[in-house]
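J.:
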Amino acid sequence: MSSTAPLPAAPASSSRMIQVLGGIAMLSGFLVVLTYQLTLPRIEENRQRAIERAVFQVLPGATTRRDFLVDDNGVRPASEGGSGTKVYAAYDADGRLKGIAAEAGARGYQDIVRILYGYDPACECITGFAVLQSTETPGLGDKITKDAKFLANFPLDARLAADGRQLANAIVTVKHGSKTGPWQIDAISGATITSAAVGKGLNNSAQALLPRLHPHIDQLKVQP
Amino acid sequence: MAGRKRDDTITADTFLEGIWRENPVFVMLLGMCPVLAVTNSVMNAIAMGVATTFVLIGSSTLVSLLRNVIPKQVRIATYIVIIATFVTIVDYIIQAISLDLYNALGAFIQLIVVNCIILGRAEAFASKNRPLKSVVSGLGMGTGFTIALLCLGSVRELLGSGTLLGFSVFGAQFEPWVVMILPPGGFFVLGAWLLLFNWLRERKARLELKEETVHAR
C-alpha cells in the first residue's frame, strides 16, 4: 500500500494478481461455508423426511420406524454405529412389525436407479418399492412407479431356500407377458431396461441381505 | 468516477433490454443447454430461471464492486471463482427448499456455472458498470431468461403431460405427446418460438420502413 493505484496501462505485478485471486478465493470459501452451515440442518431434515416417506409408502400401514444395521454378525440398532447395510424396520400403530425397508440399486438406461423396497417377513415377500433417485427417461423409464400392470408384480415372492443361504428363486425380470412365477417381474414394454434394473437391484440386495437378516428377525419385532 | 465516459444513468432500458431486445435465449441464443434440458415442466423452468437469475445478480454485483481491483490478466479466472461460489450457494439453497426439485433439476444446477449468459454479462457489462446498474441489468437478463424458459416449459408440459404446474388441463382422455418432454421436444418448441419472435421482429422492421417512406414523401 506504499503507492497509489497503478496506471491502467501498466501490467499488474504477479504479487498483485496472487493477492487478488487469493482474496477472492477466501471470500468465496467464506460464503460457501456460511451457506453450507446455514442450510445443513434443513437439508438433513429433508433427507430424513424423504426416506421416512418412502419407508411408509413401501410398507403401507406403518407409522413409526427404527433404523438397524445388518452385517455378518447379526443385527444391531443403527444408533450403535459401525458398518453394515442399513435397514429400516417399520411398525404399525400397535407396535407390531409391519416389515423391513432396505435400499437397492442397479444400472438403468441413464444412470443408477436407486430404490427402496419393503420386505414383509410374514409372507416372505417384497411388498413394493419407491424410487429414491432416478434419471430415467420421462414418459418411458419413469413408468415403473405409475404403470398399474408393473405394480401388480408386487407382492413379489422372496422366500429363502431350505439352507437359508440364498433366495429359493432368484428375482428376475422377464419379457413383457411371459411371467410364470411369483418371483418374476413382468417388464414394461418400452421400459425394459429400467424394469430389468429394478429386478436386478432387488435380487442383488435381497440375496445379500435376507439370508443375514432372517435368522435375527425376532430381534426386530420387539419395539422399545 | 466523474471522469468516466460511460453513461451511469439507469433507465428502463437497462432492465428491459434483457427481456426483449437482447433476450438471452430468443435473441442471443445463449445458455441453450439448460434451456433445452430442464424445460420439460413449468416448475423446473421457474426453478431454473430463478436460480440462474440469483447467480446472475450475485456475480454481477461482486464483479462490479471489484471491477477496479481485479487485474486484467486474471479477470476470467476471478469471474469463474465468483460465479462458482454463487452456484454452490444456490445448490445448497435448493436442496434445503426441496429435494424433489433438486432431483428433478439434476446436474443442471451445477451446470449453471458454465452458462455463458453469466460469464458473458460479467465480462461485457458488470466489469464496466457501477454495481446498481449491473444489478438492474442482471435482473433484466435473468427475468428474460426465466420468461424464455417459461415459454418453453409451459408448451412442453401442456403437450407432453397434458398438465400445467401439475394440474390436469385436458382431462383423462388426453393422450400425452411424450416426445414433447423428451429432448427432441425441446428443439421443436424452441424452433417454433424462434420462428414466432423472428417473424414479429421482421414485421416490426417492415412496418417501420413503410412508415419512414410515408413520412419521406
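Sequence order for the protein chains is W and X. Plus 1431 on top of the position in the first sequence (first one is 1) and you've got the numbering used here. Plus 28 on top of the position in the second sequence (first one is 1) and you've got the numbering used here. Ideal Cβ positions, reconstructed from N, Cα and C, are used throughout, including at glycine.
Is the beta carbon of W:GLY1572 closer than 9 Å to that of W:ILE1375?
T.: Residue 1375 of chain W lies beyond the residue range present for chain W, which begins at 1432 and ends at 1655; the question has no answer from this structure.
J.: How long is the line joining the alpha carbons of W:HIS1647 and W:ARG1507, rounded to whole angstroms?
T.: In the first sequence, residue 1647 of chain W corresponds to position 216, counting from 1. In the first sequence, residue 1507 of chain W corresponds to position 76, counting from 1. Rounded to whole angstroms, W:HIS1647 to W:ARG1507 spans 10 Å at the Cα level.
J.: With 16 as the cutoff for other CB atoms within 10 Å, does W:SER1445 come out buried or exposed?
T.: By 1-based counting over the first sequence, the position of residue 1445 of chain W is 14. The residue in question, W:SER1445, is exposed, as its Cβ has fewer than 16 Cβ neighbours within 10 Å.
J.: What span of residues does the beta strand (DSSP E) with W:ARG1538 cover, start to end?
T.: As a working note, residue 1538 of chain W is residue 107 in the first sequence. That run of the beta strand (DSSP E) goes 1528–1538.
J.: From the DSSP output, which residues share a beta bridge with X:PHE195?
T.: For the purposes of this step, residue 195 of chain X is identified with residue 167 of the second sequence, where counting begins at 1. BP columns for X:PHE195 point to X:LEU192.
J.: Leaving aside the five residues before and after X:GLY31 along the sequence, list all residues of the same chain whose C-beta is less than 6 Å from its C-beta, in chain order.
T.: Within the second sequence, residue 31 of chain X is the residue found at index 3, counting from 1. Low confidence applies here, because X:GLY31 scores a pLDDT of 41, under 50, leaving its location unreliable; read the following figure in that light. Correct list: empty, nothing qualifies.
J.: To the nearest angstrom, how far is the alpha carbon of W:TYR1548 from that of W:ASP1542?
T.: For this step, residue 1548 of chain W is matched to residue 117 along the first sequence. For this step, residue 1542 of chain W is matched to residue 111 along the first sequence. Roughly 19 Å separates the two Cα atoms.
J.: Using DSSP's beta-bridge definition, name the partner residues of W:GLN1615.
T.: Within the first sequence, numbered from 1, the residue matching residue 1615 of chain W stands at position 184. For W:GLN1615, which the question treats as bridged, DSSP gives the partners W:VAL1603.
J.: Give me the subset of the region 1450–1475 of chain W whose CB atoms are less than 7 Å from a CB atom of chain X, sorted by chain position.
T.: Within the region 1450–1475 of chain W, the residues whose Cβ lies closer than 7 Å to some Cβ of chain X are VAL1451, LEU1452, ILE1455, ALA1456, SER1459, LEU1462, VAL1463, THR1466, TYR1467, THR1470, ARG1473, ILE1474, listed in chain order.
J.: Shorter than 9 Å from the beta carbon of W:GLY1539 to some beta carbon of chain X?
T.: In the first sequence, counting from the first residue as 1, residue 1539 of chain W sits at position 108. Not one chain X Cβ lies under 9 Å of W:GLY1539.
J.: Excluding the five sequence neighbours on either side, which residues of its own chain have a C-beta within less than 7 Å of the C-beta of W:LYS1610, listed in chain order?
T.: Here residue 1610 of chain W corresponds to residue number 179 of the first sequence, with the count starting at 1. Counting only Cβ-Cβ distances below 7 Å, and skipping sequence neighbours, we find ASP1617.
J.: With a threshold of 9 Å between beta carbons, is W:GLY1536 in contact with chain X?
T.: In the first sequence, residue 1536 of chain W corresponds to position 105, counting from 1. It does not; no Cβ of chain X falls within 9 Å.
J.: Please list the partners that X:LEU127 has in chain W, where partner means a Cβ-to-Cβ separation under 9 Å.
T.: Taking the first residue of the second sequence as position 1, residue 127 of chain X is located at position 99. Under the 9 Å cutoff, chain W gives ILE1474, ASN1477, ARG1478, ARG1480, ALA1481.
J.: With 9 Å as the limit, tell me which residues of the region 1570–1596 of chain W have their beta carbon closer than that to any beta carbon of chain X; keep them in chain order.
T.: For the region 1570–1596 of chain W, which is checked against every Cβ of chain X, the residues closer than 9 Å are GLY1570, LEU1571.
J.: Residues of the region 127–148 of chain X in Cβ contact with chain W at a cutoff of 7 Å, in chain order, please.
T.: So the list reads LEU127, ASN131, GLY134, given in the order they occur along the chain.
J.: 9 Å is my cut-off, CB to CB: does W:GLN1564 come that close to chain X?
T.: Along the first sequence, read from residue 1 onward, the residue named residue 1564 of chain W stands at position 133. Answer yes: the Cβ-Cβ gap between W:GLN1564 and chain X drops below 9 Å somewhere.
J.: Below 6 Å CB to CB, which residues in the same chain sit around W:ALA1537 once its five sequence neighbours on both sides are set aside?
T.: Here the question's residue 1537 of chain W lines up with position 106 in the first sequence. Excluding residues within five positions, the ones whose Cβ falls inside 6 Å are ALA1628, LYS1631, GLY1632.
J.: Could you give the DSSP three-state label for X:THR42: helix, strand or coil?
T.: Position 14 of the second sequence, counted from the start, is the residue given in the question as residue 42 of chain X. Three-state DSSP puts X:THR42 in a helix.
J.: Chain W partners of X:LEU210, CB-CB under 9 Å?
T.: Position 182 of the second sequence, counting from 1, holds the residue named residue 210 of chain X. In chain order: THR1568, PRO1569, GLY1570, LEU1571.
J.: Which whole runs of the alpha helix (DSSP H) in the region 1544–1607 of chain W are 4 residues long or more, in chain order?
T.: As far as the region 1544–1607 of chain W is concerned, its whole alpha helix (DSSP H) runs of at least 4 residues are 1579–1582.
J.: Counting only the same chain and skipping the five closest in sequence on each side, list residues whose C-beta sits under 6 Å from that of W:ASP1551.
T.: Translated into positions along the first sequence, residue 1551 of chain W becomes position 120. Hits under 6 Å: GLY1530, THR1558.
J.: Report the residues of the region 1494–1521 of chain W with a CB closer than 7 Å to any CB of chain X, ordered along the chain.
T.: Of all residues in the region 1494–1521 of chain W, none has a Cβ within less than 7 Å of some Cβ in chain X.
J.: Using a Cβ-Cβ cut-off of 7 Å (strictly less than) and excluding sequence neighbours within five positions of W:MET1432, which residues of its own chain qualify?
T.: For the purposes of this step, residue 1432 of chain W is taken as residue 1 along the first sequence, with counting starting at 1. In this prediction, W:MET1432 has a pLDDT of 44, which is less than 50 and means its spatial position is unreliable; what the coordinates show is noted afterwards. Closer than 7 Å at Cβ, skipping near neighbours: no residue.
J.: For W:MET1432, which of helix, strand or coil comes out of DSSP?
T.: Your numbering for residue 1432 of chain W matches position 1 in the first sequence. Its pLDDT being 44, under 50, W:MET1432 is placed unreliably by the model, and the measurement read from it follows with that caveat. Looking at W:MET1432 - three-state DSSP - the assignment turns out to be coil, as it is neither helix nor strand.
J.: Using a Cβ-Cβ distance under 9 Å, would X:THR106 count as near chain W?
T.: Position 78 of the second sequence, counted from the start, is the residue given in the question as residue 106 of chain X. For X:THR106, the answer is yes, since a Cβ of chain W falls inside 9 Å of its Cβ.
J.: At the level of alpha carbons, what is the spacing between W:LEU1644 and W:GLY1505?
T.: Within the first sequence, residue 1644 of chain W is the residue found at index 213, counting from 1. Within the first sequence, residue 1505 of chain W is the residue found at index 74, counting from 1. Taking the straight line joining both Cα atoms gives about 7 Å.
J.: Residues in the same chain with beta-carbon distance under 6 Å from X:SER165, minus the five sequence neighbours each way, listed in chain order, please.
T.: The residue you call residue 165 of chain X lines up with position 137 of the second sequence. Excluding positions up to five away in sequence, the list reads THR42, PHE153.
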